[in-house]
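Everything in the sequence shown is counted per the numbering used here, starting at 3 for the first residue and increasing by one.
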Amino acid sequence: MTIYFYGADEAPYGCFSNFSPHPLELDGHLWPTAEHYFQAQKFAGTRHTDLVRRARTPLRAAELGRDRSRPLRRDWERVKDDVMRRAVAAKFRTHADIRAVLLATGEEELVEDTGTDHYWGRGRTGTGRNTLGRILMRTRAQLRAEQ
Numbered sequence: 003m004t005i006y007f008y009g010a011d012e013a014p015y016g017c018f019s020n021f022s023p024h025p026l027e028l029d030g031h032l033w034p035t036a037e038h039y040f041q042a043q044k045f046a047g048t049r050h051t052d053l054v055r056r057a058r059t060p061l062r063a064a065e066l067g068r069d070r071s072r073p074l075r076r077d078w079e080r081v082k083d084d085v086m087r088r089a090v091a092a093k094f095r096t097h098a099d100i101r102a103v104l105l106a107t108g109e110e111e112l113v114e115d116t117g118t119d120h121y122w123g124r125g126r127t128g129t130g131r132n133t134l135g136r137i138l139m140r141t142r143a144q145l146r147a148e149q
């Protein structure tokens, strides 16, 4: 079986969304959501990082992170998967309730059900990379091993 997820408000798997309201602590700061952390890291070491961290909503953080009037860090394409792995791991290690939801998925495939993102999700054709789903499954395996 495959578990599809997308919206942060869709029970029971909305917690797999980076927009879910689960704060995490990384790099000496509290981030309201994994999305805030991920988008801010596009500008690591600049004043834009804090601007994104303080965004009122994860959607606003995403908008700020996608705004190309701000200079994207040079190594972004090389580090973005690691940034996402750190955010997801921190989120599920911090919150026991959603860690239990993730672990309860067993060995099921997790797929971000978005028609607009072929990298992080399955994309319009269903043949996308599903990188976020893969990171969640890897995090699930690591958390299981730590138990």
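Beta carbons: idealized from backbone N, C-alpha and C, even for Gly.
Inter-residue spacing [alpha-carbon to alpha-carbon] between residue i and residue j
i: Lys93; j: Trp122; result: 17 Å
i: Arg75; j: Ala46; result: 7 Å
i: Met3; j: Thr48; result: 43 Å
i: Glu110; j: Arg58; result: 34 Å
i: Leu105; j: Ala147; result: 11 Å
i: Arg136; j: Glu65; result: 24 Å
i: Leu138; j: Tyr15; result: 12 Å
i: Leu53; j: Pro25; result: 17 Å
i: Ala63; j: Gln149; result: 33 Å
i: Thr129; j: His120; result: 7 Å
Nearest neighbour of residue i, chosen from the options [CA to CA]
i: Gly30; options: Pro23, Tyr39 and Met3; result: Tyr39
i: Arg70; options: His50, Ala143, Leu61 and Arg55; result: His50
i: Thr141; options: Tyr8, Arg131 and Gly108; result: Gly108
i: Arg126; options: Thr116, Gly135 and His97; result: Thr116
i: Trp78; options: Arg62, Thr96, Ala63 and Gln41; result: Gln41
i: Gln144; options: Asn132, Arg88 and Arg124; result: Arg88
i: Met86; options: Glu114, Leu112, Pro60 and Leu134; result: Leu134
i: Asn20; options: Arg131, Gln149, Asp99 and Ala91; result: Ala91
i: Leu96; options: Ile5, Pro23, Tyr8 and Tyr6; result: Strictly speaking, residue 96 in this sequence is Thr, with Leu absent from that position. Per the Cα distances, Pro23.
i: Lys44; options: Phe18, Cys17, Gly130 and Arg80; result: Arg80
i: Ala102; options: Phe18, Tyr8, Tyr6 and Glu12; result: Phe18
i: Tyr8; options: Arg124, Thr129 and Arg131; result: Arg124
i: Arg112; options: Thr118, Lys82 and Arg131; result: Inspection of the sequence shows that residue 112 is occupied by Leu rather than by Arg. Ranking Thr118, Lys82 and Arg131 by Cα distance to Leu112 puts Arg131 first.
i: Asp99; options: Tyr6, Pro73 and Ala13; result: Ala13
Local Cβ density within 10 Å of residue i, reported as buried at 16 or more and exposed below that
i: Ala10; result: buried
i: Gly67; result: buried
i: Glu114; result: buried
i: Leu32; result: exposed
i: Gly35; result: In the sequence under discussion, the amino acid at residue 35 is Thr, which differs from the Gly named in the question. Flag for Thr35 reads buried.
8 Å contact criterion, which residue i and residue j should meet: CB distance rounded
i: Glu27; j: Pro60; result: About 17 Å; that fails the 8 Å criterion.
Quick check on the DSSP output: what are the complete beta strand (DSSP E) runs of length 3 or more inside the segment 55-131, in order along the chain? Here the runs fully enclosed are 111-114.
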